[in-house]
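Using the numbering used here, the letters of the sequence shown map in sequence onto residues 12 to 180.
For glycine and all other residues, C-beta sits at the position ideal for the given N, C-alpha and C.
What you are looking at is a predicted structure, and each value in this text was computed from that prediction instead of being measured.
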Amino acid sequence: MNFNFHNDSIRGVLRSFGQEEAEVDNMETFVTFARLANGIFREIDTDLTKLGVSQGRIIVLSLLHCHAPHRMTPSELSEKADVTRGTMTGLIDGLERDGMIERVAHESDGRMVTVGLKEAGRELLVTVVPYYMKLIRVCMAEFTTEDHEMMKGLLGKMKRGFERSLPKC
């Protein structure tokens, strides 16, 4: 993945529009971060597709695993996964169809359902977690303890800036 060519062209365009060097630096850092994140997620998606799963499915299974033996409602899952209820319904439908999870009537409200992890879902996590751990280990191999602390601080600043950019509801 070559970031330099793209960043050089962005720098040239921004300079031609009279942008200050600090703004050019902001753009270069942001674009580099975004391209790296997109590349990582694209690679993860490709690898998970070979295993017959998606990141969304892994998130649902992970949430259910963390809450086991307790079950979760679809709305709780959608909130924790930060996806719409419609998206969560699709994920739950697919996972149930594949025997990874089960829907069970809510204990106190028969109109509601709860979702629980089945053994096949646990087994899939056992297969996928080592993949994630290896990927993360390789990506972070050159980081020192100090690098981790600095990166967490920098990402926190970026997150706060992003959150400030969102429309206030």
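Have a look at residue i and residue j and give me their C-alpha separation to the nearest angstrom.
i: Asp104; j: Thr60; result: 18 Å
i: Thr100; j: Arg108; result: 12 Å
i: Phe173; j: Glu34; result: 16 Å
i: Ile69; j: Leu136; result: 7 Å
i: Thr125; j: Gly67; result: 18 Å
i: Met144; j: Phe28; result: 44 Å
i: Ala45; j: Glu39; result: 10 Å
i: Asn37; j: Leu74; result: 35 Å
i: Met12; j: Glu157; result: At Met12 the pLDDT is 49, less than 50, meaning the model places this residue with poor confidence and gives no usable figure here.
i: Leu165; j: Met123; result: 42 Å
i: Phe14; j: Val24; result: Because Phe14 carries a pLDDT of 49, less than 50, the predicted location of this residue cannot be relied on, and no value is offered for it.
i: Val94; j: Val140; result: 22 Å
i: Ile55; j: Arg171; result: 26 Å
i: Arg26; j: Val42; result: 16 Å
i: Thr57; j: Leu146; result: 13 Å
i: Leu88; j: Leu106; result: 13 Å
i: Glu31; j: Lys168; result: 21 Å
i: Glu90; j: Ala152; result: 33 Å
i: His76; j: Gly97; result: 22 Å
i: Glu113; j: Val71; result: 12 Å
i: Phe176; j: Leu47; result: The identity of residue 176 in the sequence shown is Ser, whereas the question assumes Phe. Going from the Cα of Ser176 to the Cα of Leu47 covers about 21 Å.
i: Glu118; j: Pro178; result: 39 Å
i: Ser20; j: Ala116; result: 57 Å
i: Leu62; j: Leu102; result: 16 Å
i: Phe154; j: Tyr142; result: 19 Å
Which residues in the same chain have their Cβ closer than 8 Å to the Cβ of residue i, if we skip the five residues on either side of it in sequence?
i: Ala79; result: Gly127, Leu128
i: Val64; result: Leu135, Val139
i: Cys150; result: Ile51
So residue i and residue j are supposed to be a Cβ contact under 8 Å. How far apart are they, rounded?
i: Met111; j: Ala92; result: Going by Cβ atoms, the distance from Met111 to Ala92 rounds to 15 Å, so no, they are not a contact pair.
Just curious, the alpha helix (DSSP H) that residue i is in, first and last residue?
i: Val71; result: 66 to 78
i: Ala92; result: 85 to 92
i: Arg175; result: 156 to 176
i: Thr210; result: A query on residue 210 cannot be resolved here, the shown segment of the chain reaching from 12 to 180 and no further.
In chain order, what residues of the same chain have a beta carbon less than 6 Å from the beta carbon of residue i, not counting five sequence neighbours either side?
i: Met162; result: none
i: Gly121; result: none
How far does the beta strand (DSSP E) with residue i in it extend, from its first residue to its last?
i: Arg114; result: 112 to 116
i: Gly127; result: 124 to 128
Among residues of its own chain, excluding the 5 on either side of residue i, which ones have a beta-carbon nearer than 7 Å to its beta-carbon?
i: His159; result: none
Kindly confirm or deny that the stretch 49 to 56 and the stretch 82 to 91 touch, where touching means at least three C-beta pairs closer than 8 Å. no
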